[in-house]
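Contents: one structure, followed by commentary.
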């Protein structure tokens with residue numbers, strides 16, 4: 021990963037073979053970033069996506085092994101109240117070589133060509149608390 025800080029914004033560039041979510045987690049822990057927002061473009065493979073099943077209160081997951089273009093990728097960084105670790109919450113839309121789109125919650129992916137990200141950290145922690153109805157840790161904004 022290469023990165024540069026310009027004013028209050030980080031520019032990150034992940035290289036071929038790097039894991040997207042794992043790399044972002046390591047970066048924010050190393051830099052001490054507690055919360056923020058990000059946007060990215062690039063190309064990935066071995067993409068694990070999920071759609072939350074409200075009735076089952078769990079994710080339906082699928083793995084897309086081929087290579088894909090990132091059409092849209094954005095997310096937020098918040099704090100898990102129990103572990104105090106950063107939570108990388110990412111949604112993504114990807115297109116295959118036939119221009120078919122897939123999307124959902126991004127659990128992980130591997131960079132094929134590049135993953136170029138703009139990260140805007142915020143200095144006030146955004147916390148997550150368990151929502152009993154859905155059994156998910158959701159933002160607690162007060």
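Numbering (our numbering), first residue to last: 21 to 162. Ideal Cβ positions, reconstructed from N, Cα and C, are used throughout, including at glycine. Keep in mind it's a predicted model, so treat the numbers as computed, not measured.
Supposed contact pair residue j and residue i - C-beta distance, whole angstroms, cut 8 Å
i: residue 100; j: residue 157; result: 7 Å
i: residue 112; j: residue 92; result: 7 Å
Residue i vs residue j beta-carbon contact at 9 Å
i: residue 54; j: residue 141; result: yes
i: residue 147; j: residue 125; result: no
i: residue 84; j: residue 68; result: yes
Residue closest to residue i, alpha-carbon to alpha-carbon, out of the options
i: residue 49; options: 97, 127, 118; result: 97
i: residue 120; options: 134, 31, 90; result: 90
i: residue 139; options: 60, 37, 36, 102; result: 60
i: residue 130; options: 24, 62, 149; result: 62
i: residue 128; options: 22, 76, 45, 155; result: 45
i: residue 145; options: 160, 66, 31; result: 160
i: residue 30; options: 21, 37, 36, 92; result: 21
i: residue 122; options: 37, 70, 28, 40; result: 70
Enclosing beta strand (DSSP E) for residue i [first to last residue]
i: residue 112; result: 106 to 115
i: residue 138; result: 121 to 142
i: residue 153; result: Looking at the DSSP string, residue 153 is not in any beta strand (DSSP E), and its letter there is neither H nor E.
i: residue 26; result: 22 to 26
Quiz prompt | Contiguous alpha helix (DSSP H) assignments of at least 4 residues, all confined to the stretch 29 to 104 | solution = The stretch 29 to 104 contains these whole alpha helix (DSSP H) runs: 40 to 51.
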